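These notes concern the structure reproduced below.
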Amino acid sequence: MIDFLTRIGVARPVVQAGMGGGIAGPDLAAAVSDAGGLGTLGMTGPRALSAHLAEVRRRTDRPVAINLLLPFVRRGHAAPAAEADVVVTFWGRPTRFSDKPWIHQAGSVGEARAARESGADAVIVQGVEAGGHVRGTTRALELLDQVRAALPAGFPLLLAGGIADAADVADALGAGAVAAVCGTRFLMSAESGASPGYKQRLVEGSDTRLTELFGVGWPGTHRVLPNAATERWLRKDPRGPRSVRVANRVTRPMMARGPDALQAWAVTHQSVRLPFYIPAPPAHDLPDRVLETSPLYAGETVERIHDLPAAASIVHALAGGD
Ligand SMILES: Cc1cc2nc3c(=O)[nH]c(=O)nc-3n(C[C@H](O)[C@H](O)[C@H](O)COP(=O)(O)O)c2cc1C
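Using the working numbering, the letters of the sequence shown map in sequence onto residues 3 to 324.
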């Protein structure tokens with residue numbers, strides 16, 4: 003039987019997580035794919051995503067994936083889903099968007115089972131250690147065992163959450179994963195679109211918070227570095243004030259459809275005093291003041307990572323220096 007990585011044409015068992023909000027653009031995805039891993043473009047609007055794919059194609063002829071966050075998919079995303087080599091979906095009812103190999107990220111046995119039943123070709127098992135939006139409550143290797151027991155033998159599983167070095171990748175493969183998926187490790191790379199101030203916080207950061215504070219337009223749980231907003235609003239309840247969580251749910255349909263320009267404006271005008279925060283991380287040249295009111299997404303591995311190397315060298319190091 004042909005194994006999953008061979009089927010998708012990827013040489014090294016290292017997948018860079020799709021990170022939206024301008025973090026995982028063509029620079030990062032092309033560098034990872036060209037180094038033999040699977041680079042993944044973070045979600046944007048359909049036309050921008052097709053343009054990002056074209057940009058990656060100019061830089062490498064190796065396979066590249068796109069990420070689709072299911073609550074925000076529009077009809078036009080069918081085009082980039084058909085142009086990409088692999089489609090990775092997350093958050094919501096598992097859905098296929100093209101005939102390309104499809105991987106769904108799951109945070110529980112139930113979600114993994116639903117993905118397979120919906121026709122996914124593979125599942126990413128996401129542990130609670132993960133950075134960014136976190137679906138489940140179980141640690142990665144434990145959840146991998148549970149999912150493996152629940153799904154048919156041989157169904158391809160990838161592991162996400164807590165993977166920062168070659169030993170972590172070896173543990174994931176030893177536990178039966180076909181590849182390791184890394185977000186935080188690639189967020190902390192030269193090519194990621196995180197703003198310079200955000201990168202500096204990541205290099206210096208250690209502990210993280212699991213909260214629902216940054217949920218306007220997209221309620222959910224996310225792992226972040228502390229900043230002024232978390233320190234002010236998570237004192238009583240680590241999830242965030244109840245009123246904020248209710249407001250996040252109520253505003254979801256409005257903000258999810260809101261024009262990108264409105265959301266971009268809102269990101270730069272948020273205040274520590276007013277706990278309504280868009281779930282967009284500080285990217286590119288956003289000013290340092292947004293660091294106190296934006297989600298500084300980071301996984302638990304931020305404690306062990308203190309550098310910002312080139313993505314290609316990260317791929318080689320994760321794969322054991324081969
Ligand atoms: C900055 C950041 C942004 C993320 N954005 C997305 C996203 O847009 N779509 C997605 O499927 N997963 C996203 N994730 C979660 C990753 O897919 C993955 O589960 C996680 O990064 C794995 O854990 P790690 O950070 O410990 O490597 C994000 C993670 C980070 C750190």
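Positions of the beta carbon are idealized from the N, C-alpha and C atoms, including for glycine.
Note that this is a predicted model, so its numbers are computed, not measured.
Cα-Cα separation between residue i and residue j, rounded to whole angstroms
i, j, result
"proline 154", "arginine 234", "46 Å"
"alanine 108", "leucine 276", "32 Å"
"glycine 94", "alanine 231", "27 Å"
"serine 208", "leucine 227", "8 Å"
"glutamate 214", "threonine 139", "14 Å"
"arginine 306", "glutamine 202", "14 Å"
"glycine 219", "valine 252", "8 Å"
"isoleucine 105", "valine 205", "30 Å"
"alanine 32", "isoleucine 68", "12 Å"
"alanine 83", "phenylalanine 99", "6 Å"
"glycine 195", "isoleucine 126", "23 Å"
"aspartate 36", "glycine 133", "24 Å"
"valine 66", "alanine 122", "17 Å"
"leucine 2", "leucine 30", "Residue 2 cannot be examined here, being either before or after the span of the chain that is shown, 3 to 324."
"glutamine 18", "valine 183", "6 Å"
"arginine 247", "threonine 62", "43 Å"
"glutamate 85", "isoleucine 10", "14 Å"
"lysine 238", "arginine 59", "49 Å"
"phenylalanine 92", "glycine 301", "17 Å"
"leucine 212", "leucine 236", "10 Å"
"leucine 159", "leucine 7", "11 Å"
"glycine 44", "glycine 78", "16 Å"
"phenylalanine 278", "leucine 145", "32 Å"
"glycine 39", "alanine 268", "35 Å"
"alanine 172", "serine 245", "43 Å"
"glycine 129", "serine 110", "9 Å"
Residue from the options whose Cα sits closest to the Cα of residue i
i, options, result
"alanine 152", "Pro73, Gly20 and Ala114", "Ala114"
"threonine 270", "Asp101, Arg76 and Thr295", "Thr295"
"arginine 150", "Gly134, Ala312, Ile165 and Gly176", "Gly176"
"valine 353", "Arg76, Gly322 and Ser315", "Any answer about residue 353 is impossible in this case: the structure gives the chain only from 3 up to 324."
"valine 292", "Asn229, Trp104, Asp170 and Arg9", "Asn229"
"proline 297", "Arg306, Ala312, Ser273 and Val12", "Ser273"
"threonine 210", "Gly322, Val304, Gly20 and Tyr200", "Val304"
"proline 15", "His135, Lys238, Ala179 and Asn250", "Ala179"
"alanine 192", "Pro283, Tyr279 and Asp309", "Asp309"
"tyrosine 299", "Pro289, Pro283 and Asp290", "Pro283"
"valine 90", "Gly41, Asp173 and Asp5", "Gly41"
"alanine 266", "Ala285, Val248 and Arg49", "Ala285"
"leucine 161", "Pro28, Ala142 and Ala172", "Ala142"
"glycine 156", "Pro96, Ala13, Asp5 and Arg76", "Asp5"
"glycine 199", "Asp170, Glu131, Leu288 and Leu212", "Leu288"
"proline 221", "Asp173, Asn250 and Ile25", "Asn250"
Distance cut-off 8 Å: residue i Cβ against heavy atoms of ligand 1
i, result
"isoleucine 126", "yes"
"glycine 178", "no"
"alanine 265", "First, the residue type needs correcting, since residue 265 is glutamine and not alanine in the sequence shown. No."
"isoleucine 165", "yes"
"tyrosine 279", "no"
"asparagine 69", "yes"
"alanine 174", "no"
"arginine 187", "yes"
"phenylalanine 99", "no"
"isoleucine 316", "no"
"histidine 54", "no"
"glutamate 144", "no"
"valine 218", "no"
"proline 283", "yes"
"glycine 94", "no"
"glutamate 131", "yes"
"glutamate 113", "no"
"glutamine 107", "yes"
"threonine 140", "no"
"valine 183", "yes"
"valine 248", "no"
"alanine 300", "yes"
Note down, one range per segment and in chain order, each alpha helix (DSSP H) of at least 4 residues found wholly within the stretch 40-122. Counting only runs of 4 or more, we get 48-61, 80-85 and 111-119.
Is the stretch 185-197 touching the stretch 159-172 in the sense that three or more CB pairs, one from each, lie closer than 8 Å? Yes: the two stretches touch, three or more of their Cβ pairs being nearer than 8 Å.
Of all the alpha helix (DSSP H) runs that stay within the bounds of the stretch 156-180, which reach a length of 4 or more residues? As far as the stretch 156-180 is concerned, its whole alpha helix (DSSP H) runs of at least 4 residues are 168-176.
For the stretch 187-271, which segments carrying the alpha helix (DSSP H) assignment without a break, of at least 4 residues, lie completely within its bounds, in sequence order? The stretch 187-271 contains these whole alpha helix (DSSP H) runs: 198-206, 230-235, 244-252, 254-259 and 262-270.
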